[in-house]
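Working notes, structure below.
2 protein chains.
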Amino acid sequence: MGNKTDFLNMNIAELNKHYVSLKERYAEYKNQTMKLDMSRGKPCPEQLELSKSMLDIVTSSDSLKAIDGSDCLNYGGVDGIPEAKELFSQILGVSSNEIIIGGNSSLTLMHDTVSRAMLHGVYGSELPWGKHSTVKFLCPSPGYDRHFAICELSNIEMIAVDMLNDGPDMDAVEKLVSQDDTIKGIWCVPKYSNPDGITYSDQTVDRLANMQTKERDFRVFWDDAYTVHHLTDKPDHLKNILSACKEAGNPDRVFIFTSTSKVTFPGAGVAAMAASVENINYIRKQIAVQTIGPDKINQLRHFRFLKDIDHLRSHMEKHAAIIRPKFEMVLNKLDSELGGKNIATWNKPNGGYFISLNTLDSCAKIVVKMAADAGVTLTPAGATFPYGKDLRDRNIRIAPTFPSLKELEKSIEILCVCIQLASINKILAER
Amino acid sequence: MGNKTDFLNMNIAELNKHYVSLKERYAEYKNQTMKLDMSRGKPCPEQLELSKSMLDIVTSSDSLKAIDGSDCLNYGGVDGIPEAKELFSQILGVSSNEIIIGGNSSLTLMHDTVSRAMLHGVYGSELPWGKHSTVKFLCPSPGYDRHFAICELSNIEMIAVDMLNDGPDMDAVEKLVSQDDTIKGIWCVPKYSNPDGITYSDQTVDRLANMQTKERDFRVFWDDAYTVHHLTDKPDHLKNILSACKEAGNPDRVFIFTSTSKVTFPGAGVAAMAASVENINYIRKQIAVQTIGPDKINQLRHFRFLKDIDHLRSHMEKHAAIIRPKFEMVLNKLDSELGGKNIATWNKPNGGYFISLNTLDSCAKIVVKMAADAGVTLTPAGATFPYGKDLRDRNIRIAPTFPSLKELEKSIEILCVCIQLASINKILAER
């Protein structure tokens, strides 16, 4: 019993008929010479507006001292002021002494953690990672392109592992790390994952914490970028991995990263990392050579604006109120344009910044190109895979937050037309 | 014809007499249980006050766009906003496209430049530096302890080279770099050097730019930290090394670093590096993996506050007005307490943050300890040399800027008493 709307069930004449009308729509869009950008997970101007008053709360007439009495204008405080540590300890569910505050970028903290590991090793390493002839990382895919870029720059070989509905394919992960002692790490975006919007199950967290690794100084790079970035009032729950690692007897296994880039300002936020006290003490000594300390004034600004986890949560609800309609619109549009046609699948995330869409195999690249020709910039096809290689050429990352609702609607319409055209081309070619 | 005040000319009885009265003074100081810190080159609160209004000029009601139209609150701009590049290009005498803006710390830019060189090499490298069994840096000494710490962390062997009155001993430098292909770099603080306060002569700059190096990817690490930090109205002149390198046919030889740490806020300034366009393009690609971009709001704040080089210069005159009396007081005190005694020499810098003092050989460590016992914290003896080893144990770095004039006076008095006591002990032991 085939669905009447299912492209795979249509005969050539029916497909050709669709193709002609879609081609007309595509030509119209092209004539409009639009310029729409859905390539990156950027907050929109209305979201930035939510935090603008933060610029007014640390002025020359305010106290510029941290609660420990240190002058935030002067040198000192290599790992952050106490109130910033306290705030991030609440966000991440760790102790204050398990936190290091960084500059404005968690990406920098991740890059630098990998660089330090390559040059000097991690706590417990017998050798710097870079002294081994081969270093490999597991890369659950689709994943975050900038994680993969760090590996490429560092000559770390990437092994793609499938993302399932509850996190990485843990059977594959466990098998690989138990056998291959050159695997030093795994990249994870455990909550509202980039791009799939998946939150790791408790079981996945426990398996990552407990698994036997052949390499003793293996680390989980836990990029908890979207930890407070819910879209619904029934947010996903993520199990605390640092606690799980401690319980498993592997307290030093995980490095946790996060930032306020999508809480306050992407250009001027505050980043932090968390790990066991042993890891943190080891890293702090190295960071003390790299810097006398990150910008404490901006930490003060953030603490005075965000206050505590409860206040932060209500702030994040305001973000959700702005971007939820965009996600809903995209999902409705995908449903109305592509639903029942059997040519694409997509996720419905409860948080984060992306909607991940899979086309028929071998269609993503041509769809992204066609959309670009009609003025819609998407994340390059393949970017969500190691080395930019999506072997099935099907994953497209949709970033709905930055464009206006109107621009977004137009962009998704164009995207859907491109997907249908590419799908028909593929189906016809295979007949 | 001996000087009557010269300790070296005194007989044992005379020395003992001095010793007894100095010992009494020392005991008095000790009884006062003071706590004075002259260990680091920190601006004092009055200096920080000069820039406080910078905190009021980027508020929610101001434009938050850079001159290229980019939103400073959002992602983007990996190497800085155009107006920040323009300001630093004026400060350093280079083109805007020879600049990369960093976060709040030039130390971080230096550390990261060394790390990248070790992991990936520099522009023109055949191999990452870290792939060689030995990497060495020349370290003109006394020098900046944090440069040496970067080498230690990175397993870079340090070769001390003497500082002369016009910069490093260039005969030694030229000989070393022409013969040893494991020497990859040299640390320089070319203007008002840390700690000597020496500015490199034009000839020294030219010799660094022109010298034949056995290693092709050799780099001069040019920490121009005190480039606008004059103490007098007849400031030292430093020849432009990037121009000199271009003229010499070695345009890629130098990495220049500076920051506003001692212009605005040490905890929340803006750092920059400069080099040839080829170097900058090479580095920018690597930095694009490390960060989406440094804090643009703080760049905007700095640009709107400092405006241009002329405005910056008058701002620096206000700094000088605050700290010049401190330098003068220290120099007067050293003169009155130690002058003519033939037990110490010191420099009279025209800028920068330090006064460098040499005791008789083998006295620095004990002097620093005695001062600490009387409540005065100095930079650890030896810190100004690679591996913390001052072979003659004589260099003491005085940082006069942070303490109040009154505290400073007391500190220097104590220091001078300690130097005299240690000197007499040494002279008597050798009789």
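Sequence order for the protein chains is A and B. Residue numbering for the first sequence follows the numbering used here, beginning at 13 and increasing consecutively. Residue numbering for the second sequence follows the numbering used here, beginning at 13 and increasing consecutively. Idealized CB from N, CA, C, for every residue including glycine.
Which partner residues does residue i have in the DSSP bridge list?
{"i": "B/N407", "result": "B/N370"}
{"i": "B/M175", "result": "B/P180"}
{"i": "B/D49", "result": "B/T389"}
{"i": "B/I465", "result": "Residue 465 of chain B lies beyond the residue range present for chain B, which begins at 13 and ends at 443; the question has no answer from this structure."}
{"i": "A/V232", "result": "A/I198, A/V266"}
{"i": "B/L150", "result": "B/I171, B/I198"}
{"i": "A/H331", "result": "A/H331 pairs with nothing; no bridge assigned."}
{"i": "A/M122", "result": "Per DSSP, none; premise fails for A/M122."}
{"i": "A/D83", "result": "A/K77"}
{"i": "B/T357", "result": "B/N370"}
{"i": "B/M285", "result": "B/I112, B/F269"}
{"i": "A/H242", "result": "A/G363"}
Given a cut-off of 7 Å, decide if residue j and residue i are closer than it, judged by their beta-carbon atoms.
{"i": "B/R406", "j": "B/N359", "result": "no"}
{"i": "B/P412", "j": "B/V342", "result": "yes"}
{"i": "B/S118", "j": "B/S271", "result": "yes"}
{"i": "A/A383", "j": "A/L427", "result": "yes"}
{"i": "B/D91", "j": "B/R296", "result": "yes"}
{"i": "B/N447", "j": "A/K54", "result": "Shown here, chain B extends from 13 to 443; a query on residue 447 of chain B therefore has no answer."}
{"i": "B/M50", "j": "B/S368", "result": "no"}
{"i": "B/G114", "j": "B/A283", "result": "yes"}
{"i": "B/C290", "j": "B/Y135", "result": "Reading the sequence as shown, one finds Glu at residue 290 of chain B and not Cys. Yes. Within cutoff."}
{"i": "B/L254", "j": "B/V388", "result": "no"}
{"i": "A/T17", "j": "A/K353", "result": "yes"}
{"i": "B/I195", "j": "B/K143", "result": "no"}
{"i": "A/Q432", "j": "A/L27", "result": "no"}
{"i": "A/A460", "j": "A/A260", "result": "Residue coverage of chain A in this structure runs from 13 to 443, which leaves residue 460 of chain A outside it and unanswerable."}
{"i": "B/F366", "j": "B/A96", "result": "no"}
{"i": "B/G281", "j": "B/N116", "result": "yes"}
{"i": "A/G179", "j": "A/Y212", "result": "yes"}
{"i": "A/D181", "j": "A/V173", "result": "yes"}
{"i": "A/K251", "j": "A/D214", "result": "yes"}
{"i": "B/D208", "j": "B/M175", "result": "yes"}
{"i": "B/K363", "j": "B/H241", "result": "Note that residue 363 of chain B is Gly in the sequence shown, not Lys. Against a cut-off of 7 Å, the Cβ pair of B/H241 and B/G363 comes out as a contact."}
{"i": "A/E110", "j": "A/I292", "result": "yes"}
{"i": "B/G88", "j": "B/G279", "result": "no"}
Using beta carbons (cut-off 7 Å, strictly below), is residue i in contact with chain A?
{"i": "B/H123", "result": "yes"}
{"i": "B/T45", "result": "no"}
{"i": "B/F170", "result": "The sequence given here places Met at residue 170 of chain B; Phe does not occur at that position. Output row for B/M170: interface = no."}
{"i": "B/L67", "result": "yes"}
{"i": "B/L99", "result": "no"}
{"i": "B/M13", "result": "Note that B/M13 scores 45 on pLDDT, short of 50, meaning its location in the model is unreliable; the coordinates nonetheless yield the value given after this. No, its Cβ sits nowhere closer than 7 Å to a Cβ of chain A."}
{"i": "B/L20", "result": "no"}
{"i": "B/M50", "result": "no"}
{"i": "B/K319", "result": "no"}
{"i": "B/K4", "result": "Lying outside 13 to 443, the shown extent of chain B, residue 4 of chain B is not represented and no answer is given."}
{"i": "B/S72", "result": "yes"}
{"i": "B/S127", "result": "yes"}
{"i": "B/K64", "result": "yes"}
Mind checking if residue i is an interface residue toward chain B, Cβ cutoff 7 Å exclusive?
{"i": "A/G279", "result": "yes"}
{"i": "A/N1", "result": "Lying outside 13 to 443, the shown extent of chain A, residue 1 of chain A is not represented and no answer is given."}
{"i": "A/Y31", "result": "no"}
{"i": "A/L85", "result": "yes"}
{"i": "A/L440", "result": "no"}
{"i": "A/L131", "result": "yes"}
{"i": "A/T120", "result": "yes"}
{"i": "A/L417", "result": "no"}
Name the chain E residues whose beta carbon is nearer than 9 Å to that of residue i?
{"i": "A/L60", "result": "Of the protein chains in the structure, A and B, none is chain E."}
Closer than 8 Å is the cut-off here; do at least three beta carbon pairs connect the segment 337-350 of chain B with the segment 182-202 of chain B?
No: the two stretches stay apart, fewer than three of their Cβ pairs being nearer than 8 Å.
Which residues, in order along the segment 301-317 of chain A, keep a beta-carbon less than 8 Å from a beta-carbon of chain B?
The segment 301-317 of chain A vs chain B, Cβ under 8 Å: V301, Q302, T303, I304, G305, P306, D307, K308, I309, N310.
With three or more beta-carbon pairs closer than 8 Å as the criterion, would you say the segment 259-268 of chain B touches the segment 217-235 of chain B?
Contact between the segment 259-268 of chain B and the segment 217-235 of chain B is present: three or more C-beta pairs spanning the two stretches fall below 8 Å.
At a Cβ cut of 7 Å, what residues of the segment 146-175 of chain B count as close to chain A, listed as they run along the chain?
With the criterion set as a beta carbon lying under 7 Å from some beta carbon of chain A, the members of the segment 146-175 of chain B are A161, I162, L165, S166, in sequence order.
Determine contact between the segment 164-172 of chain B and the segment 318-335 of chain B, defined as no fewer than three beta-carbon pairs at a distance below 8 Å.
The segment 164-172 of chain B is not in contact with the segment 318-335 of chain B.
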